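These notes concern the structure reproduced below.
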Amino acid sequence: MIVWISVVILIGLFMVQRFGTDKVGYTFAPIICVWFAMIGGIGVYNFIKYDPTVLKSLNPKYIVDYFRRNKDKAWISLGGVVLAITGTEALFADVGHFTVQSIQISMCTVTYPALLCAYTGQAAFLRKNNNLVSETFYESIPDPLYWPMFVVAVLASIIASQAMISGTFSIIQQSLSLGCFPRVKIVHTSTKYEGQVYIPEVNYLLMLACIGVTLGFRSTARIGNAYGIAVVFVMTLTSSFLVLIMLMIWKTNIVYIIAYVLTIVVVELVYLSSVLYKFDQGGYLPLAFAAVLMTIMYVWNDVYRRKYYYELENKISPDKLKEIIANETNFNRLPGLAMFYSELVHGIPPIFNHYVANVPALHSVLIFVSIKSLPIGKVAVEERFLFRRVEPKELNVFRCVARYGYTDVRNEQEPFERVLVEKLKEFIREDYWLSQAIPNNNGETVKVDEELEDENQEIDENRSTMHVNHEENVDKRIEIIDKAWSGGVVHLIGENEVVAGRGANIGKKILIDYAYNFLKRNLRQSEKVFDIPQKRMLKVGMTYEL
Numbered sequence: 001m002i003v004w005i006s007v008v009i010l011i012g013l014f015m016v017q018r019f020g021t022d023k024v025g026y027t028f029a030p031i032i033c034v035w036f037a038m039i040g041g042i043g044v045y046n047f048i049k050y051d052p053t054v055l056k057s058l059n060p061k062y063i064v065d066y067f068r069r070n071k072d073k074a075w076i077s078l079g080g081v082v083l084a085i086t087g088t089e090a091l092f093a094d095v096g097h098f099t100v101q102s103i104q105i106s107m108c109t110v111t112y113p114a115l116l117c118a119y120t121g122q123a124a125f126l127r128k129n130n131n132l133v134s135e136t137f138y139e140s141i142p143d144p145l146y147w148p149m150f151v152v153a154v155l156a157s158i159i160a161s162q163a164m165i166s167g168t169f170s171i172i173q174q175s176l177s178l179g180c181f182p183r184v185k186i187v188h189t190s191t192k193y194e195g196q197v198y199i200p201e202v203n204y205l206l207m208l209a210c211i212g213v214t215l216g217f218r219s220t221a222r223i224g225n226a227y228g229i230a231v232v233f234v235m236t237l238t239s240s241f242l243v244l245i246m247l248m249i250w251k252t253n254i255v256y257i258i259a260y261v262l263t264i265v266v267v268e269l270v271y272l273s274s275v276l277y278k279f280d281q282g283g284y285l286p287l288a289f290a291a292v293l294m295t296i297m298y299v300w301n302d303v304y305r306r307k308y309y310y311e312l313e314n315k316i317s318p319d320k321l322k323e324i325i326a327n328e329t330n331f332n333r334l335p336g337l338a339m340f341y342s343e344l345v346h347g348i349p350p351i352f353n354h355y356v357a358n359v360p361a362l363h364s365v366l367i368f369v370s371i372k373s374l375p376i377g378k379v380a381v382e383e384r385f386l387f388r389r390v391e392p393k394e395l396n397v398f399r400c401v402a403r404y405g406y407t408d409v410r411n412e413q414e415p416f417e418r419v420l421v422e423k424l425k426e427f428i429r430e431d432y433w434l435s436q437a438i439p440n441n442n443g444e445t446v447k448v449d450e451e452l453e454d455e456n457q458e459i460d461e462n463r464s465t466m467h468v469n470h471e472e473n474v475d476k477r478i479e480i481i482d483k484a485w486s487g488g489v490v491h492l493i494g495e496n497e498v499v500a501g502r503g504a505n506i507g508k509k510i511l512i513d514y515a516y517n518f519l520k521r522n523l524r525q526s527e528k529v530f531d532i533p534q535k536r537m538l539k540v541g542m543t544y545e546l
């Protein structure tokens, strides 16, 4: 019954994640405050009632005596001692969800004092009741507070899982931005904090994993062993990376680095060796999960970089584009506007050459669109689109970088297309005025349409004629855009199939042909990431030999 109640609680906890870290946090915060107040108050009560002299245990001499007396058993017991500090490793991940100052204040003024009072009170209780070690927490609660404390304790254990879930979302988001994790949907639940995210796929996979562990282990002892190894490994890795930061970034004096290693890292390594003793008693679980996750990240990142460098090496320059179109004897221009999506910001992806070679036709207006996310909440519509013309002008080919903040809604079908076309017209007008600036003999810049009193009437008339001609050219180009817009919009997406190149070894073939392609087939596709309307979408396939 306890196991199945735990499963129901887990399902409920993961179901509320969609409401966001801030809303979940505001709901749980009062319960956590009550929890810390109660354990701290009960600890003070037990300390006064049973044995205030327990403070003598702070003397390090008793630690030395304990190890001398118990030897290897004392070392093994460190694996249980470390469970007293579990949860602190979540502070590093929670920095993405809360400010550093808020974590410092809550830890130093609420969490740490309450825990000290609670453990001191339990130690005082055990001085008089040393036969109740396994049930110290509940047995030390005064009878009138037992059931209220039971309810608050259950709620607190639920809330403690929230930090782990939020931290998982943050780590996946950061890995995704570095190209180290497959495409997943990231929902930003806060307009104020970038780090407060919700990832549906990860949330449900994590829920299934937690339910599987609960049903498989069916005891807190084995789960505690797994949790202990996870906690100490996180702390040890964090301290090791901090040493690298001290050496490479902070340029810290070597004396301070050695002192840090001796005082911090050595202690953590002792705890790590202790928890690894129970590796076969459930401790293998976090390492198995880590191995699977690292394999996925390695496969995706390795092939992602190979594919990106392949596109950079084989991208089409504007001169090459002009040559491709000029060499096509039967090259036709179709009415309409085509948007070709690409991850490259500079240059034209090689898949376009593949498309033109097989379909010798080009829409009257072609826009290469790259969608980029910025680490800010919103990007003003006026600053969202950056355009660049691909020469020659007669091709009517443009590059566009669409920039979005993490709370902006992407591609709302018609509105996105309409706004992009309007901004393209503004770009054409601005490009005209910039082209009117010509350098004079002194290297300075003057505008053609300025009134210069020292010029004769004939030059003024010529300039007026040039001005009218340029205005007519601008109107014609805008008219071409309007006709293409009215002729219909087509969204072209490059679907890149990657295979190992000829002569590749067996390891490379397994990595690319099987592992990467398996991940790609079973995760989010490009049209879902860009939210492209299905009725006007056309996929263009090409195979990359890496």
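The opening residue of the sequence shown carries number 1 in full-length UniProt numbering; numbering runs sequentially from there. By construction, the Cβ of each residue, glycine as well, lies at the ideal position given by its N, Cα and C atoms. No experiment lies behind these values; they were computed from the predicted model shown.
One Cα belongs to V255, the other to E268, and the distance between them is close to 20 Å. Per DSSP, reduced to three states, the secondary structure at S177 is helical. A distance below 8 Å separates the beta carbons of V213 and L285. Taken through DSSP and simplified to helix, strand or coil, S274 comes out as helix. Annotation: E545 to Y516 spans about 14 Å, alpha carbon to alpha carbon. Minimum Cα-Cα distance from Y271 among the listed residues V8, S77, Q17 and K476 corresponds to S77. When the Cα atoms are used, L115 and L176 turn out to be separated by approximately 36 Å. S134 is not a Cβ neighbour of I42, given a cutoff of 8 Å. Shown here, F340 sits in a strand according to DSSP, grouped into three states. Distance from the CA of L511 to the CA of F150, rounded to the nearest whole angstrom, comes to 51 Å.
Under the criterion of beta carbons closer than 8 Å, V265 and I229 do not qualify as touching, at roughly 17 Å. Here DSSP, grouped into helix, strand and coil, assigns E391 to coil. Its Cα nearest to that of N473, the residue N396 stands out among N225, F28, N396 and V303. With the rule of 3 Cβ pairs closer than 8 Å, the stretch 121-129 counts as touching the stretch 48-64.
Comparing alpha carbon positions, the residue from A226, T189, T86 and T99 closest to A160 is T86. Within the stretch 89-177, the runs of alpha helix (DSSP H) that reach at least 4 residues and sit entirely inside it are, in chain order, 90-94, 100-106, 112-128, 136-139 and 146-177. Secondary structure of M1 (DSSP, three-state): coil. Under the DSSP definition of a beta bridge, N496 partners with M542. Scanning its chain for C-beta atoms nearer than 7 Å, with the 5 sequence neighbours on each side dropped, one finds around V379 the residues R403, Y404, G405 and D408, in chain order. Under the three-state reduction of DSSP output, L362 falls in the strand class. Taking a contact as a CB-CB distance under 8 Å, the pair R384 and D431 does not count as one, their CB atoms being some 18 Å apart. Under DSSP, the beta-bridge partners assigned to V397 are L366 and V390.
Your pair V184 and I199 checks out as a contact, with CB atoms roughly 5 Å apart and the cut at 8 Å. Burial state of N225 is buried, judged by a 10 Å Cβ sphere holding 16 or more other Cβ atoms.
Comparing alpha carbon positions, the residue from R306, R18 and F398 closest to V187 is R18.
Beyond the five residues adjoining it in sequence on each side, G283 comes within less than 8 Å, by CB distance, of N225, A226, G228, I229, V275 and L276 in the same chain, given in chain order.
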